[in-house]
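J.:
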Amino acid sequence: MEKIYFFISDIHLGLQSKSEEEEKEKKLVSFFKLAESQCDELFIVGDLFDYWFEYKRVYQKGFYRTLSALKDLSEKNVKLHYFIGNHDFLHRDFFEKEFGSFLYHDGLSVKLNGKKFFIAHGDGMVSNDTGYNILKWILRNKFFQWLYSLLHPDLGIGIASRTSKSSRAYTEKKDYGEVDGLFRAAKQKIDEGFDYVLFGHLHKRIWEKYKQGNYINLGSWLDKPCYGVFKNQKFEVVDL
Numbered sequence: 011m012e013k014i015y016f017f018i019s020d021i022h023l024g025l026q027s028k029s030e031e032e033e034k035e036k037k038l039v040s041f042f043k044l045a046e047s048q049c050d051e052l053f054i055v056g057d058l059f060d061y062w063f064e065y066k067r068v069y070q071k072g073f074y075r076t077l078s079a080l081k082d083l084s085e086k087n088v089k090l091h092y093f094i095g096n097h098d099f100l101h102r103d104f105f106e107k108e109f110g111s112f113l114y115h116d117g118l119s120v121k122l123n124g125k126k127f128f129i130a131h132g133d134g135m136v137s138n139d140t141g142y143n144i145l146k147w148i149l150r151n152k153f154f155q156w157l158y159s160l161l162h163p164d165l166g167i168g169i170a171s172r173t174s175k176s177s178r179a180y181t182e183k184k185d186y187g188e189v190d191g192l193f194r195a196a197k198q199k200i201d202e203g204f205d206y207v208l209f210g211h212l213h214k215r216i217w218e219k220y221k222q223g224n225y226i227n228l229g230s231w232l233d234k235p236c237y238g239v240f241k242n243q244k245f246e247v248v249d250l
């Protein structure tokens, strides 16, 4: 029997005003309830939070409804997949231990209902973005993460919050010289035989057909919340 797969990306909880965040979280929790009853696996393609820095015994306060809803999903045996985004400064084992989630620091090649998918957040996938790739290496370096974790959580999380805003501004202003900066990477993957290439990161909703494949970017929840669903050999983007 074929499975049903859901996909979301770039929710950025914690970025907007208090009222906007409350409304966004309500919508997100409602979506998780929908996923709980209608899908077998959920792929969160990075940047669920506007910043996430997880100390060994501390993670940032707020959004307990989101975390509770993720726990409910895991208890309903919905398999969770989480892709580390450029605003996910440090994930340790909270998502794995609490939700049974699979964490991916790089792209994932996987067959879903017989179709070949390549899924990644998208940061670092553009060949001409040397500056960001260097920054990404620093942010993902275990030694530098350990040093950073020595900071008091109030200071460390505060810096992470400010850094996330700088990272987002860089992404929005960067001109990659392509349709969206990731289309070339998607074409390469499709040439390798993938049927679907799914990215986030750019905050632009895009669906480009190329040869036998499809490049899909789900945009962000800052503009137009949506989710992707793959079932019955068909991919669809659904507005919320």
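The sequence shown lines up with residues 11 to 250 when you count with the working numbering. No residue lacks a Cβ here, since even glycine has one placed at the ideal position from N, Cα and C. Quantities reported herein were computed from a predicted structural model and do not represent experimental measurements.
1. Spell out the partners DSSP gives valine 55 in its beta bridges.
2. What span of residues does the beta strand (DSSP E) with serine 119 cover, start to end?
3. Buried or exposed for lysine 121, please, with buried defined as at least 16 other CB atoms from any protein chain shown within 10 angstroms of its CB.
4. According to DSSP, simplified to helix, strand and coil, what is aspartate 60?
5. Using a threshold of 8 Å, state whether the C-beta atoms of lysine 126 and glutamate 108 are closer than that.
6. Could you check the C-alpha separation between isoleucine 216 and asparagine 227 for me, to the nearest Å?
7. Quick one: what does DSSP say arginine 75 is sitting in, helix, strand or coil?
8. Quick check on the DSSP output: the beta strand (DSSP E) that includes lysine 28 runs from which residue to which?
9. Leucine 232: which of Met135, Phe73 and Phe59 sits nearest, CA to CA?
10. With distance defined between alpha-carbon atoms, name the residue in Phe53, Glu33, Glu32 and Ser40 nearest to isoleucine 14.
11. In the structure shown, what three-state DSSP assignment does isoleucine 14 receive?
12. Compute the Euclidean distance between the alpha carbons of glycine 229 and histidine 211, then round it to the nearest angstrom.
13. Between valine 239 and glycine 124, what straight-line distance do the alpha-carbon atoms span, to the nearest angstrom?
14. Whole angstroms are fine: how far does the CA of histidine 115 sit from the CA of histidine 62?
15. Please state if the CB of phenylalanine 245 and the CB of tyrosine 220 are separated by a distance shorter than 8 Å.
16. Under 8 Å between the Cβ atoms of leucine 23 and lysine 36?
T.: Result, derived from the coordinates:
1. In the DSSP output, where bridge partners are listed per residue, valine 55 has none listed.
2. 118-122
3. exposed
4. coil
5. no
6. 5 Å
7. helix
8. From DSSP, lysine 28 is part of no beta strand (DSSP E) but of the alpha helix (DSSP H) over 28-48.
9. Phe59
10. Phe53
11. coil
12. 8 Å
13. 15 Å
14. The sequence as given places tryptophan at residue 62; histidine does not occur at that position. Each residue's alpha carbon lies about 14 Å from the other.
15. no
16. no
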